[in-house]
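Structure, as structure tokens:
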Amino acid sequence: MTDHDSSAAEQAAPAIRPRVRFAPSPTGYLHVGGARTALFNWLYARKYGGQFLLRIEDTDRQRSTDESTRAIFDGLAWLGLDFDEDVVFQGSNLARHQADVETLLASGAAYRDFTPQAELERQRADAEARKVPFAFDRALADLPAEVVAQKLAAGEPHAVRFRVPEGVTEWYDAVHERIAFPNKDIEDFVILRSDRTPVYNLAVVSDDIAMRITMVMRGDDHISNTPKQILLYRALGATVPEFAHVPMIHGTDGKKLSKRHGATAVGDYQHLGLLPSTMLNFLALLGWSPGDDTEVMRMETLLEKFSLDGLQKKAAIFDPQKLDWMNGQHLSLMPLDDVMPHIYQAFERLGVASRSDLEARDEWFRGLVELLRVRARTVDDIANQSTPYFVEDVMYDADAVSKQWRDANASAEILSATRERLASLNVWDTASMEAALRTLAEELNISGGKIFQPLRVALTGLTVSIGIFDVLLYVGRDRSLARLDNAVRWLKQDIPA
RNA sequence: GGCCUCAUCGUCUAUCGGUUAGGACGCUACCCUUUCAAGGUGGAGAGACGGGUUCGAUUCCCGUUGAGGCUACCA
2 MTDHDSSAAE QAAPAIRPRV RFAPSPTGYL HVGGARTALF NWLYARKYGG
52 QFLLRIEDTD RQRSTDESTR AIFDGLAWLG LDFDEDVVFQ GSNLARHQAD
102 VETLLASGAA YRDFTPQAEL ERQRADAEAR KVPFAFDRAL ADLPAEVVAQ
152 KLAAGEPHAV RFRVPEGVTE WYDAVHERIA FPNKDIEDFV ILRSDRTPVY
202 NLAVVSDDIA MRITMVMRGD DHISNTPKQI LLYRALGATV PEFAHVPMIH
252 GTDGKKLSKR HGATAVGDYQ HLGLLPSTML NFLALLGWSP GDDTEVMRME
302 TLLEKFSLDG LQKKAAIFDP QKLDWMNGQH LSLMPLDDVM PHIYQAFERL
352 GVASRSDLEA RDEWFRGLVE LLRVRARTVD DIANQSTPYF VEDVMYDADA
402 VSKQWRDANA SAEILSATRE RLASLNVWDT ASMEAALRTL AEELNISGGK
452 IFQPLRVALT GLTVSIGIFD VLLYVGRDRS LARLDNAVRW LKQDIPA
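In my numbering, the protein residues as written are 2 to 498.
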């Protein structure tokens, strides 16, 4: 028992520099669940001075695509999860996989099964029809040596199965503590198909041994594969690595996250205007907790606080609302220099302004971003909300007009007076503007808002914007006065004769 | 069906036998205020159920229920 306790305690800080890996199969995009698994592995490796390796499990030739492989690279790069050494493509390790199977065959740990696949399917269907559980029967498949030799000589196709020994297979999982499977519940699984290609469990173990992986951290949907893999490690005479099975990420309905839940690929969030630091922060908090109340964290803090102890057992539900909030936090708290590259991208992607245009008036633009980012949740929000400062003329939003320009005649008069005061200003700064307009409000015996709101519509076409004097500042004197003229003209035209 | 895993506010979580069960998102009231945000101060909101163990259980054990995963010559 004390053995077990100490092994659990040691999991927090590895005795050796860990070698971990992220092993996605390139059959879709980089899923947020996969990204989180990658993040945890990366954090663990970086925190303890180990290596983080990437292996592309492309052995399913039917479903694997180069496009998916690229999406994985792009996603990891966007998140800043860099890997060590060369990428391993599982498909190129076929020879070793086959050699490992030969080793297993030679030691008797595995045997050739000549049962036709169709026959197996028939038996399975039959069992299902009779509502009895299908159990693979080794006695029918594991033939005497002479028969095997004969069939082999005749060139009969066959699969290779692992001979599951008696007993119980257990391990101390870094997140679940002890997990045990009675071997009788594990059937002799196929490790090499009749077309001589390896099956997942064999390929994974063979590669993890070759890559000298010390800790396998992956989704807990792999828990039931683990005993099979442990059995393979042992049969191959290799050291069994440590395991950490992290919980799944579910959609808002509690089901496994899928397309139905909307955006599930990290690329989707990138295109929604999310910051990679937000994604990292948010994902880290789904299935892991620093143990205290810290929530908004940069990578530096994540690295400092990360520990296997904080890993959660329960599946977490992906909450897009909190993600949004968190992005707003990152947006306002990050150093402006770190945000700017993402801003440029959003502006170009949304066609608001080109990067060179923005860099040409760098000081002006950075000032604008400072004002905009406090009230935005995504970089796309910033780009969208900045259009009044880039276009020549604005469009009046119908709701804004009906709400703030309700009485066209009165509005036109207030706007004319406002224009006059602003035009008379010697300097175009916010203090002078405010003084002038507050004075005007007093003279007209109305509240400041009665001037500011119609003015906001005239300048932006909208009811919401940055502070009204900042709007005047960033729209600029000439454009502001021109927009006021347009507004007055528009309001007068709109008045029925 | 079998095997495995999980179970604190709607959601993410803290609690490592003794707390008015804490924080965050969201919701809500108020404050601030030229709008919208942001920010500030409050509020509503949780230990699935049943047994044990214990002076004392959210916490440890068992069962029930519920949820999820796996059950392929997919990965």
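Glycine residues also receive a C-beta, built at the ideal position from the N, C-alpha and C atoms. Computed from a predicted structure; not experimentally measured.
Where does residue i fall in DSSP's three states?
{"i": "G220", "result": "strand"}
{"i": "D6", "result": "For D6, the pLDDT reaches just 38, beneath the cut-off of 50, and the residue's location in the model is therefore unreliable, leaving the point undetermined."}
{"i": "Q12", "result": "In this prediction, Q12 has a pLDDT of 47, which is less than 50 and means its spatial position is unreliable; nothing more can be read from the coordinates."}
{"i": "T104", "result": "helix"}
{"i": "E86", "result": "coil"}
{"i": "G343", "result": "Just to set this straight, residue 343 is His in the shown sequence, not Gly. In the structure shown, H343 sits in a helix (DSSP, three-state: H, G or I)."}
{"i": "R362", "result": "coil"}
{"i": "W172", "result": "strand"}
{"i": "P183", "result": "strand"}
{"i": "W289", "result": "strand"}
{"i": "F453", "result": "helix"}
{"i": "H331", "result": "helix"}
{"i": "H246", "result": "strand"}
{"i": "E167", "result": "coil"}
{"i": "V148", "result": "helix"}
{"i": "L351", "result": "coil"}
{"i": "E68", "result": "helix"}
{"i": "I192", "result": "strand"}
{"i": "E178", "result": "strand"}
{"i": "P389", "result": "helix"}
{"i": "P199", "result": "strand"}
{"i": "A498", "result": "Bear in mind that a pLDDT of 42 at A498, under 50, signals an unreliable position, so the number given afterwards is only what the model happens to contain. A498 falls in the coil class under three-state DSSP."}
{"i": "K260", "result": "helix"}
{"i": "I415", "result": "helix"}
{"i": "K229", "result": "helix"}
Round the Cβ separation of residue i and residue j to the nearest angstrom and send it over; I've been treating them as touching at under 8 Å.
{"i": "P158", "j": "N184", "result": "No, P158 and N184 are not in contact; Cβ-Cβ is about 28 Å, not under 8 Å."}
{"i": "G268", "j": "A78", "result": "That pair is no contact at about 11 Å."}
{"i": "G1", "j": "G34", "result": "An answer regarding residue 1 cannot be provided, because it is not within the stretch 2 to 498 covered by the chain."}
{"i": "L332", "j": "L303", "result": "Actually they are not in contact, since the Cβ atoms of L332 and L303 sit about 18 Å apart, beyond 8 Å."}
{"i": "T170", "j": "L232", "result": "6 Å"}
{"i": "Q118", "j": "F135", "result": "Not a contact, Cβ separation roughly 14 Å."}
{"i": "I192", "j": "V102", "result": "6 Å"}
{"i": "P1", "j": "A175", "result": "Lying outside 2 to 498, the shown extent of the chain, residue 1 is not represented and no answer is given."}
{"i": "R164", "j": "Y112", "result": "6 Å"}
Is it right to say residue i is buried, meaning 16 or more other beta carbons lie within 10 angstroms of its own, or is it exposed?
{"i": "N42", "result": "buried"}
{"i": "E444", "result": "exposed"}
{"i": "L31", "result": "buried"}
{"i": "A14", "result": "exposed"}
{"i": "K229", "result": "buried"}
{"i": "A16", "result": "exposed"}
{"i": "V133", "result": "exposed"}
{"i": "A128", "result": "exposed"}
{"i": "N446", "result": "exposed"}
{"i": "A413", "result": "buried"}
{"i": "E421", "result": "exposed"}
{"i": "H272", "result": "exposed"}
{"i": "V88", "result": "exposed"}
{"i": "T66", "result": "exposed"}
{"i": "R261", "result": "exposed"}
{"i": "D381", "result": "buried"}
{"i": "Q12", "result": "With a pLDDT of only 47 at Q12, under the threshold of 50, the placement of this residue in the model should not be trusted; the figure read from the coordinates follows. Under this definition Q12 is a buried residue."}
{"i": "L141", "result": "exposed"}
{"i": "R213", "result": "exposed"}
{"i": "S357", "result": "exposed"}
{"i": "R22", "result": "buried"}
{"i": "E360", "result": "exposed"}
{"i": "P389", "result": "buried"}
{"i": "D83", "result": "exposed"}
{"i": "S225", "result": "exposed"}
Quick one: what's residue i bridged to in DSSP?
{"i": "I57", "result": "F90"}
{"i": "R20", "result": "Q52"}
{"i": "R113", "result": "V161"}
{"i": "L312", "result": "W289"}
{"i": "I318", "result": "H251"}
{"i": "L445", "result": "DSSP, once it has assigned bridges, lists no residue as partnering L445."}
{"i": "A266", "result": "H32"}
{"i": "K323", "result": "Bridge partners of K323: none, in fact."}
{"i": "K493", "result": "None, per the DSSP bridge assignment."}
{"i": "V1", "result": "Residue 1 is absent from the structure shown; the chain starts at 2 and stops at 498."}
Below 8 Å, can you find three or more Cβ-Cβ pairs linking the stretch 369-386 to the stretch 427-443?
-> As far as the Cβ criterion goes, the stretch 369-386 does not touch the stretch 427-443, which means the pair count is below three.
Are the stretch 42-61 and the stretch 234-243 touching by the rule of at least three beta carbon pairs closer than 8 Å?
-> Below 8 Å, too few C-beta pairs join the stretch 42-61 and the stretch 234-243 to call them touching: fewer than three.
Given 8 Å, three or more beta-carbon pairs between the stretch 288-306 and the stretch 22-29 | With fewer than three CB-CB distances shorter than 8 Å, the stretch 288-306 does not count as touching the stretch 22-29.
Decide if the stretch 349-360 is in contact with the stretch 303-314; the criterion is three or more beta carbon pairs, one per stretch, under 8 Å apart.
-> No: fewer than three Cβ pairs fall under 8 Å.
Count the CB pairs spanning the stretch 459-477 and the stretch 390-397 that are closer than 8 Å, and state whether there are at least three.
-> With contact defined as three or more Cβ pairs closer than 8 Å, the stretch 459-477 and the stretch 390-397 are in contact.
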